[in-house]
Each structure stands twice: as C-alpha cells, then as structure tokens.
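Each number in our numbering comes from the position in the sequence shown (counting from 1) with 37 added on.
The block underneath contains the structure these notes are about, expressed in structure tokens.
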Amino acid sequence: MTIAQSQPTLSLPDHTQLPETDGTFVKNFQEHPQSLLLTDSIRPVLDTLHPTGQYAIGQDCGIYWRLTNPPEKGAEAPDWFYVPNVPPLLKGKWRRSYVLWKEIVSPLLVIEFVSGNGD
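Right, here's the structure in full:
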C-alpha cells in the first residue's frame with residue numbers, strides 16, 4: 038500500500054506583505070493633480086458602470102505581476118490605473134498595492150503621464 042504525499046502549498050504574499058513604495062520620488066510635479074482630475078472626472082461614470090462599487094483605482098501604486106527577489110522588480114507603478122469588478126477594499130483595508138496573483142483580474146486601463154521635456 039502506497040501513501041500519497043501531499044505537495045506543500047505555496048503561500049504567495051498579498052498587498053499587506055509587499056513593499057508599497059520603492060523610495061523613488063515623483064518626476065513630474067503635475068502627476069498628482071492630473072491623477073486627481075482624472076479620478077474625479079471618471080468616478081461618476083465608473084459609479085454608473087459599477088453600481089455596487091466593485092472597482093479599484095490606483096495612483097502611483099505598485100501592480101505586482103511577477104514574483105521576484107526583491108519584490109519591487111516584479112512590479113510596475115503606473116501613474117494611474119483602473120481595475121473593474123474588484124472590491125476597492127480588501128478585508129476592510131485600503132489597498133497598499135494591486136497583486137495580480139491574488140486578484141487574477143488585470144487592470145483595464147493604465148496611464149503613465151509624460152515626464153520631462155520629451156527628449
């Protein structure tokens with residue numbers, strides 16, 4: 038008689054276990070106002086599309102898409118992004134980052150504002 042051995046389960050980190058900043062600073066002074074303007078402008082439309090409020094907007098927030106060491110190498114932090122059909126809070130807490138391997142749903146819209154003079 039052979040006893041089947043169970044495989045160890047892989048526990049992947051969630052948004053509370055991953056870094057929420059990489060220490061870099063904003064390169065474009067207008068990024069924050071532009072993000073706020075975009076969010077304020079699109080929120081009424083998103084509230085109509087998602088009457089239950091099931092969507093997330095991220096601003097200068099990491100999207101973890103690959104397991105790496107250090108974790109920041111597997112993340113991108115766009116200036117603004119929108120993810121449909123996900124709760125804005127996780128277990129009653131604001132998201133520190135967006136973790137694709139936990140959520141499965143990819144961002145639908147990702148925006149990076151232009152920095153510098155275009156050279």
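Ideal Cβ positions, reconstructed from N, Cα and C, are used throughout, including at glycine.
Rounded to the nearest whole angstrom, the CA to CA distance from residue 127 to residue 151 is 31 angstroms. Cβ-Cβ distances below 8 angstroms link residue 55 to 99, 101, 108, 112, 133, 134 and 136 in the same chain, with the five nearest sequence neighbours on each side left out; the list follows chain order.
8 angstroms or more divides the Cβ of residue 125 from the Cβ of residue 148.
One thing to note: residue 145 has its Cβ within 8 angstroms of the Cβ of residue 119.
The DSSP-derived three-state label of residue 141 is coil. For residue 110, the secondary structure class from DSSP, reduced to helix, strand or coil, is helix.
Counting the other CB atoms within 10 Å of its CB gives residue 131 a total below 16, which places it among the exposed residues.
Residue 72 has its alpha-carbon roughly 22 angstroms from the corresponding atom of residue 52. Minimum Cα-Cα distance from residue 75 among the listed residues 138, 50 and 117 corresponds to 117.
Look at residue 146 here: in three-state DSSP terms it is strand. Exclusion of the five residues before and after residue 140 leaves 120 and 123 as the residues of its chain whose Cβ lies within less than 8 angstroms of its Cβ.
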